[in-house]
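Protein chains in written order, with my numbering: chain A, 1 to 475; chain B, 1 to 507.
We put the CB at the ideal spot given by N, CA and C, even for glycine.
Values in this document were obtained by computation on a predicted structure and should not be read as measured data.
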Amino acid sequence: MNNSIHEIRAKIQKGESSCIELTKSYLQKIEENKHLNTFLEVFSEEALENAARIDKKIIGGNAGKLAGLILGLKDNICYKGHKISASSKILEGFESLYSATVVERLIAEDTIIIGRLNCDEFAMGSSNENSAYGEVLNPVDNSKVPGGSSGGAAAAVKAGLCHAALGTDTGGSVRQPASHCGVVGLKPTYGRVSRYGAIAYASSFDQIGPITNNIEDMALIMEVIAGSDEYDSTCSSQDVPNYRKELQLTGVKKIGYIKDCLENPGLDAEIKSRLEVIIKELRLQGHEVVPVDFPYTDFLVPAYYVLTTAEASSNLARYDGIHYGYRSDQTDSWESVYFKSRSEGFGKEVKRRIMLGTYVLSAGYFDAYYAKAQKVRRIFRDKTNEILNTHDFILLPTTPNTAPELGENTKDPIAMYLEDIFTVQAPLTGLPAISLPIGEHTNGMPFGIQLMGRRFSETALFAFSNEMMQNFGDN
Amino acid sequence: MSAVASSSAPRRHSSGASATNLRRPNDKYEAVIGLEVHIQLLTKSKAYSSDSTEYGAVPNTNVSVISLGHPGVLPKINTKMVEYGVRLGIACNCVIREENEYARKNYFYADMPKGYQISQHKTPICEGGYIEIKDKAGNSKNIELTRIHMEEDSGKSIHDQDPFNSLIDLNRAGVPLLEMVTEPIIETSEEAYQFLTEVRKLVRYLEICDGNMEEGSMRCDANISIREKGASEMGEKVEVKNMNSIRNVQRALEYEITRQIKALDSNEKIDQETRTFDAATGKTIVMRTKEMANDYRYFPEPDLPIVIVDEEYVKSIRESMPALPNELYKKYTSELGLSDYDATVITDSKAIALYFEELIGKTSKVKAAVNWIMGPVKSYLNENAKEISEFKVTTEVLAALIELIENGTISHSVATQKIFPLLIEGSDKSPMEIATENNWIKESDVGSINEFVKQAIAKYPDKVAEYKGGKVGLIGLFMGEVMKLSKGKADPKIASELVKKSLEESK
Chain A
1 MNNSIHEIRA KIQKGESSCI ELTKSYLQKI EENKHLNTFL EVFSEEALEN AARIDKKIIG
61 GNAGKLAGLI LGLKDNICYK GHKISASSKI LEGFESLYSA TVVERLIAED TIIIGRLNCD
121 EFAMGSSNEN SAYGEVLNPV DNSKVPGGSS GGAAAAVKAG LCHAALGTDT GGSVRQPASH
181 CGVVGLKPTY GRVSRYGAIA YASSFDQIGP ITNNIEDMAL IMEVIAGSDE YDSTCSSQDV
241 PNYRKELQLT GVKKIGYIKD CLENPGLDAE IKSRLEVIIK ELRLQGHEVV PVDFPYTDFL
301 VPAYYVLTTA EASSNLARYD GIHYGYRSDQ TDSWESVYFK SRSEGFGKEV KRRIMLGTYV
361 LSAGYFDAYY AKAQKVRRIF RDKTNEILNT HDFILLPTTP NTAPELGENT KDPIAMYLED
421 IFTVQAPLTG LPAISLPIGE HTNGMPFGIQ LMGRRFSETA LFAFSNEMMQ NFGDN
Chain B
1 MSAVASSSAP RRHSSGASAT NLRRPNDKYE AVIGLEVHIQ LLTKSKAYSS DSTEYGAVPN
61 TNVSVISLGH PGVLPKINTK MVEYGVRLGI ACNCVIREEN EYARKNYFYA DMPKGYQISQ
121 HKTPICEGGY IEIKDKAGNS KNIELTRIHM EEDSGKSIHD QDPFNSLIDL NRAGVPLLEM
181 VTEPIIETSE EAYQFLTEVR KLVRYLEICD GNMEEGSMRC DANISIREKG ASEMGEKVEV
241 KNMNSIRNVQ RALEYEITRQ IKALDSNEKI DQETRTFDAA TGKTIVMRTK EMANDYRYFP
301 EPDLPIVIVD EEYVKSIRES MPALPNELYK KYTSELGLSD YDATVITDSK AIALYFEELI
361 GKTSKVKAAV NWIMGPVKSY LNENAKEISE FKVTTEVLAA LIELIENGTI SHSVATQKIF
421 PLLIEGSDKS PMEIATENNW IKESDVGSIN EFVKQAIAKY PDKVAEYKGG KVGLIGLFMG
481 EVMKLSKGKA DPKIASELVK KSLEESK
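Below is the structure:
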């Protein structure tokens with residue numbers, strides 16, 4: 001099942017496989033792995049119909065670039081005529097009237113969308129335990145969380161329930177579960193992929209990113225979904241390179257690793273030593289790997305939570321019980337429609353973040369929190385860009401620990417937030433970052449190693465990631 | 001028809017007693033008023049989506065997932081809104097901002113589906129500037145502006161159509177607005193009235209808004225406080241809303257000034273609050289108190305990039321701007337020598353001003369052109385409740401008619417009473433053709449006029465005797481008879497001389 005999309009396509013063309021066959025086998029595996037709770041809904045019939053149609057196109061030689069790809073969508077990416085809930089009760093029964101730009105582009109290239117995937121409510125969480133539709137189990141060890149917020153997506157790809165998935169990454173929501181489940185996860189450069197149709201959590205951070213088993217698929221999917229969109233004014237008009245054709249590494253690289261990250265007392269000893277081994281190996285291969293200073297690691301998580309909760313408090317105002325979605329039946333005035341619908345419809349973590357965000361934006365606190373965090377964000381960006389001016393990549397762990405036990409962190413939100421320490425730098429600075437499944441712990445769990453690159457340097461990032469996967473991956 | 005006389009008619013506002021017309025609150029207190037004017041823009045599509053802005057459509061039909069605020073949608077800027085903001089800014093002499101950032105104004109309201117309004121906060125597109133007003137005595141005053149910023153309208157909540165539910169129409173949600181905020185320098189309700197009249201005229205000239213307060217396409221909120229004359233500190237500010245005409249703004253302010261003075265005189269505290277105006281009673285009533293005020297939690301809109309309005313863009317807008325009422329007024333009074341009254345009336349409506357501009361481009365007889373506009377043309381439009389856009393007489397035709405009078409081909413009375421009505425009805429003939437066909441060319445042949453004179457004198461022998469007896473005023477009677485007999489064609493100058501001569505001779 002771990003063939004690339006390209007290899008699958010070749011097999012179908014030779015008559016050794018078919019979209020129908022593949023779809024059926026995925027549907028069967030989904031059925032067998034229901035206990036993982038990855039899918040909120042499976043589009044079985046529709047997927048089979050599309051598979052039949054696309055098989056014909058493949059034989060006819062007029063199939064799209066992604067024919068043969070069977071993909072799951074995190075349940076915060078809109079697909080016309082299909083339900084979407086962001087794993088929240090407040091969108092109970094809601095069906096999207098339009099498709100996200102990325103979904104339109106995937107379908108135009110003959111992707112089969114097999115279902116919608118569980119996640120933390122409104123993408124807020126690091127363990128997928130904040131879903132109104134139940135927790136997702138880690139397919140590697142069912143007693144562990146898959147990570148979050150795109151937990152269902154990472155778990156489904158790892159368990160072979162779909163070939164790839166689209167998640168969204170605001171503070172690590174693609175990379176962290178990819179690390180916990182042992183798959184590849186990308187947070188593209190901010191503005192590389194249209195956000196139109198992705199339910200907003202924190203607009204200046206959110207990016208849609210693929211979860212795949214290999215870099216080649218990552219590159220191919222990005223070729224299709226990236227690029228300017230008239231419906232997203234924050235989306236860049238910069239040309240989308242031919243990522244997949246440029247996967248061959250071009251020479252020696254200069255790589256920085258942040259000393260404070262490696263020396264972080266919260267970092268698991270095995271993850272640290274794996275990084276050290278990788279650093280040594282990379283040097284042996286001729287790359288220049290040097291320590292760099294980024295003296296702000298302690299401020300990353302606080303700044304991230306101030307800014308993202310501020311934006312979230314506003315982005316989530318539209319779920320008011322008036323226009324669509326859940327409305328409490330215990331109301332006696334129009335104000336109580338708001339109070340009760342929102343109190344009953346949102347989960348605990350979402351409410352916590354709305355309250356926090358409302359607080360940091362309120363009169364009297366704005367300057368102390370929001371405005372200051374914005375300033376700090378600029379400092380992070382300037383400093384990180386300064387490092388990247390003289391280094392091709394920054395190498396760092398994806399997570400301080402491997403996937404925790406289910407329920408381990410739910411009682412302590414701060415401990416949970418601190419798990420984001422290595423993933424928030426990329427979205428705070430708008431830079432691309434990828435988590436590669438090149439670590440395995442003696443506790444049996446996988447973990448990822450992260451590469452962060454320059455703005456719009458996905459081509460170089462994919463090429464180097466490809467080499468890293470070949471050198472440090474398990475195949 | 002009093003016709004051409006109106007330029008010398010009494011001035012609408014005479015000097016003297018009414019010069020002190022600006023009603024000052026009283027000797028002890030002064031009012032401090034600032035206005036916020038919402039100007040709904042005449043763009044074809046909404047501020048942040050391509051939905052239509054057409055007025056009067058079936059409820060909830062000019063909507064899309066974007067204006068409905070569905071999950072995952074994003075706004076995109078309608079550049080027309082920016083252009084209109086720049087136009088108004090140029091017209092008001094504002095400083096136009098180069099880097100325009102949008103901001104979210106967060107509050108819950110049923111007809112605002114996103115839970116926030118996309119507005120501008122710290123970076124309004126226009127700052128400073130002023131609008132000139134004139135009081136009844138003709139004294140001018142500049143009403144300074146604080147800012148003009150871009151934002152979007154909300155939908156409408158309808159409470160009176162269903163006994164159990166409030167209904168929401170989101171057709172208006174997302175329609176672009178400019179909000180103009182004045183400095184608190186308006187002192188009387190009359191000034192507020194003049195200011196809003198000027199704003200309305202201006203937006204109509206600029207063709208950015210239809211200026212219709214009754215339909216809500218222009219809306220005004222007033223902030224008003226009272227303090228003792230000369231005091232440096234402001235009194236407690238009261239905001240008054242829901243005044244759906246310029247006159248009602250004036251009424252609401254008058255009521256509020258009186259109410260607040262009365263309260264101060266009886267040592268009552270004025271509360272900082274929002275009040276609503278009831279047009280039926282002419283009173284304002286409390287809508288919400290300070291404690292109920294929203295904390296809007298403004299922050300920069302992350303979904304929209306900063307819009308750059310550079311000098312070149314402003315220059316291109318400036319070059320495409322239509323003539324403005326105050327510019328035309330100045331041209332008419334100082335270059336063309338029009339009276340204040342004539343210039344004011346002509347520039348009051350853009351369509352009439354444009355017609356006049358065209359007309360004086362086709363005839364050099366400016367005085368006659370003014371008289372025609374102020375007289376027969378305006379009378380016809382007023383009597384028939386028509387707009388000049390519905391007026392069938394083109395400026396070419398009217399100019400030709402004026403030329404015929406001025407060069408003595410036809411008499412003024414033939415022009416106004418005979419030819420003009422035919423032209424209004426849509427005759428496709430030229431004034432000259434009409435005059436020729438109907439034999440209305442002015443009779444200047446002494447011989448034939450003399451015939452009419454003889455007949456007239458023969459008709460009234462007793463009046464001739466009275467004339468001889470000294471009643472020289474009777475010459476009018478004979479003149480009238482001559483004009484009647486000649487069907488108005490006789491040259492009055494010649495006829496009058498011949499009548500006089502005949503009467504003298506028959507002595």
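Could you spell out where the alpha helix (DSSP H) holding residue i opens and where it closes?
i	result
residue 362/A	Run containing residue 362/A: none; DSSP gives neither H nor E here.
residue 461/A	458–472
residue 368/B	366–372
residue 165/A	From DSSP, residue 165/A is part of no alpha helix (DSSP H) but of the beta strand (DSSP E) over 164–169.
Using 8 Å as the limit for Cβ to Cβ distance, is residue i near chain B?
i	result
residue 89/A	no
residue 234/A	yes
residue 82/A	no
residue 402/A	no
residue 1/A	Bear in mind that the predicted position of residue 1/A carries a pLDDT of just 44, short of 50, making it unreliable; the figure below should be weighed with that in mind. No, its Cβ sits nowhere closer than 8 Å to a Cβ of chain B.
residue 230/A	yes
residue 373/A	no
residue 51/A	no
Measuring straight from C-alpha to C-alpha, what distance separates residue i and residue j?
i	j	result
residue 300/B	residue 72/A	34 Å
residue 161/A	residue 346/A	29 Å
residue 74/B	residue 399/A	32 Å
residue 199/A	residue 170/A	11 Å
residue 22/B	residue 224/B	Unreliable placement is indicated for residue 22/B, whose pLDDT of 43 sits below 50; the coordinate value is still reported in the next sentence. Rounded to the nearest angstrom, the two C-alpha atoms are 17 Å apart.
residue 472/B	residue 441/B	30 Å
residue 498/B	residue 453/B	7 Å
residue 483/A	residue 236/A	No answer is possible for residue 483/A: the residues shown for chain A start at 1 and end at 475.
residue 112/A	residue 5/A	12 Å
residue 283/B	residue 255/B	6 Å
residue 328/B	residue 437/B	39 Å
residue 129/B	residue 197/A	41 Å
residue 447/A	residue 165/A	19 Å
Could you check which residue in the options has the C-alpha nearest to that of residue i?
i	options	result
residue 187/B	161/B, 204/B and 230/B	230/B
residue 145/B	79/B, 481/B, 93/B and 467/B	93/B
residue 385/A	376/A, 204/A and 431/A	431/A
residue 99/A	146/A, 108/A and 129/A	108/A
residue 332/B	38/B, 101/B and 366/B	366/B
residue 243/A	254/A, 252/A and 216/A	216/A
residue 260/A	292/A, 150/A and 338/A	292/A
residue 410/B	478/B, 349/B, 489/B and 467/B	489/B
residue 429/A	296/A, 321/A, 106/A and 255/A	296/A
residue 363/A	415/B, 298/B, 416/B and 412/B	298/B
residue 148/A	44/A, 276/A, 172/A and 290/A	172/A
residue 483/B	414/B, 422/B, 460/B and 466/B	414/B
Chain A beta carbons: is any one of them nearer than 8 Å to that of residue i?
i	result
residue 242/B	no
residue 164/B	no
residue 299/B	yes
residue 110/B	yes
residue 515/B	Because residue 515/B is not part of the residues shown, which for chain B are 1 to 507, the question remains open.
residue 393/B	no
residue 325/B	no
residue 65/B	yes
Is the Cβ-Cβ distance between residue i and residue j less than 8 Å?
i	j	result
residue 109/B	residue 154/B	yes
residue 96/B	residue 307/B	no
residue 452/A	residue 380/A	no
For the beta strand (DSSP E) containing residue i, name the first residue and the last one.
i	result
residue 148/B	140–152
residue 283/B	283–289
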